[in-house]
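Numbering (my numbering), first residue to last: 1 to 272.
All C-beta atoms, glycine included, are put in the ideal place defined by N, C-alpha and C.
Since this is a predicted model, take the numbers as computed values, not measurements.
First up is the structure itself, then whatever we jot down about it.
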């Protein structure tokens, strides 16, 4: 499954790609269309008003894992057809614009499969809407490419589980920054479910990219296979990263790892 966030009129709609189609969070859509403070309660009332919808609810709704404030949890989702049926029963002026948005989102996914560059362009626009600078977005884009290359390398060398990827990534962070991903998020003051890299400064991103790019090259040089060998390699890559971090800190006379969230920094600080 592939989990992503889409924006409808500046409201976040969680979605996941499975079985060659999008499934959307029903609660997110109800909130986007109604501004209800309690989407779950609204859905309960909605089902009582529309008996036919309630009778077919089990066929429409699928319980899938998505990111929440409490981490990955199962929530109620529906595909495009199911969502269209649900919003038929929601009296909202936003219903028609939302239908057009829903059709656009589906079309965009097909376009992205045929042309992956479109996905990157849309990602850039999403970050721009959130207030990130072009320089930061370019750094983030390079990091995504490097990360994909590293994961592909891990897959070819005997790992295929998300837990393995997390262990190896933590080793890079721990050796390079002196923190696990979980500890790093605490320093940043963000929830465990948030993406750590979206809170990193340009320098933090650049060092992360260096560590992961170094890991790819070390894997290739050592022709490593299996978790034990890969873990030794990423420890070495983290060492490359740490050396660069230490030299930079010596020059700038301050720690590289910052407790500041990128979006809370001043324009001057963001460039550092």
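Subject >> Contact set for residue 101: own chain, Cβ-Cβ below 6 Å, skip 5 residues either direction >> reply: Translated into the one-based positions of the chain shown, residue 101 becomes position 101. Closer than 6 Å at Cβ, skipping near neighbours: 8.
Original post:
From which residue to which residue does the beta strand (DSSP E) around residue 144 run?
Top reply: On the chain shown, position 144 is the one that residue 144 refers to. From DSSP, residue 144 is part of no beta strand (DSSP E) but of the alpha helix (DSSP H) over 134-156.
Subject >> Distance between residue 21 and residue 115 (C-alpha atoms, nearest Å) >> reply: Locating residue 115 in the chain shown gives position 115, counting from the first residue. Locating residue 21 in the chain shown gives position 21, counting from the first residue. Here residue 115 scores only 49 on pLDDT, less than 50, and its place in the model should not be relied on; the value that follows carries that caveat. Approximately 17 Å between the Cα atoms of the pair.
Subject >> Cut-off 6 Å between Cβ atoms - residues of its own chain near residue 90, not counting five sequence neighbours on either side >> reply: In the chain shown, residue 90 corresponds to position 90, counting from 1. Excluding sequence neighbours, residue 90 sits near 33.
Original post:
Ends of the alpha helix (DSSP H) at residue 160?
Top reply: The residue given as residue 160 occupies position 160 in the chain shown. Unbroken run through residue 160: none, as it is neither H nor E.
**OP:** Taking residue 153 as the reference, give the member of 125, 184, 234, 254 with the closest Cα.
**Re:** Numbered from 1 along the chain shown, position 153 holds the residue referred to as residue 153. Residue 153 has its Cα closest to that of 234, out of 125, 184, 234, 254.
Original post:
Who are the Cβ neighbours of residue 158 in its own chain at under 8 Å, not counting the five residues just before and after it?
Top reply: For this step, residue 158 is matched to residue 158 along the chain shown. Within the same chain, residue 158 has close Cβ partners 225, 226, 227, 230.
**OP:** Give me whichever residues DSSP pairs with residue 181 in a beta bridge.
**Re:** The residue given as residue 181 occupies position 181 in the chain shown. Beta-bridge pairing links residue 181 to no other residue.
Original post:
Taking just the CA atoms, how far does residue 146 sit from residue 130?
Top reply: Numbered from 1 along the chain shown, position 130 holds the residue referred to as residue 130. Numbered from 1 along the chain shown, position 146 holds the residue referred to as residue 146. Spanning the two alpha carbons is a distance of roughly 23 Å.
Original post:
Taking all protein chains shown into account, do 16 or more other C-beta atoms lie within 10 angstroms of the C-beta of residue 178, making it buried, or fewer, making it exposed?
Top reply: The residue labelled residue 178 in the question sits at position 178 within the chain shown. So residue 178 ends up on the exposed side.
Original post:
Under three-state DSSP, which class holds residue 62?
Top reply: Taking the first residue of the chain shown as position 1, residue 62 is located at position 62. In the structure shown, the three-state DSSP call for residue 62 is strand.
Subject >> alpha helix (DSSP H) segment containing residue 39, residue limits >> reply: Taking the first residue of the chain shown as 1, we reach residue 39 at position 39. Per DSSP, residue 39 belongs to the alpha helix (DSSP H) from 39-49.
Original post:
In three-state terms, what does DSSP make of residue 72?
Top reply: Walking along the chain shown from the start, residue 72 turns up at place 72. It is a strand residue.
Original post:
Can you name, in chain order, every residue of its own chain whose Cβ lies under 7 Å from the Cβ of residue 255, other than the five neighbours on each side?
Top reply: Your numbering for residue 255 matches position 255 in the chain shown. The residues are 249.
Subject >> Cβ contact check for the region 130-142 and the region 184-195: 3 or more pairs under 8 Å >> reply: no
Original post:
Excluding the five sequence neighbours on either side, which residues of its own chain have a C-beta within less than 6 Å of the C-beta of residue 214, listed in chain order?
Top reply: For this step, residue 214 is matched to residue 214 along the chain shown. Around residue 214: 237, 240.
Original post:
Per DSSP, what kind of secondary structure is residue 93 in: helix, strand or coil?
Top reply: For this step, residue 93 is matched to residue 93 along the chain shown. In this structure, residue 93 counts as coil in the three-state DSSP scheme.
Original post:
Considering only residues of the same chain and omitting the five flanking positions on each side of residue 143, which have a CB-CB separation below 8 Å?
Top reply: Here residue 143 refers to the residue found at position 143 when the chain shown is read from its first residue. Within the same chain, residue 143 has close Cβ partners 197, 205, 208, 209, 212.
Subject >> Identity of the residue in 60, 257, 150 nearest residue 218 by Cα >> reply: Looking up residue 218 in the chain shown gives position 218. Here the closest residue by C-alpha is 150.
**OP:** Can you have a look at residue 200 and say buried or exposed, based on whether 16 or more other CB atoms are within 10 angstroms of its CB?
**Re:** On the chain shown, position 200 is the one that residue 200 refers to. With 16 or more other Cβ atoms within 10 Å, it is buried.
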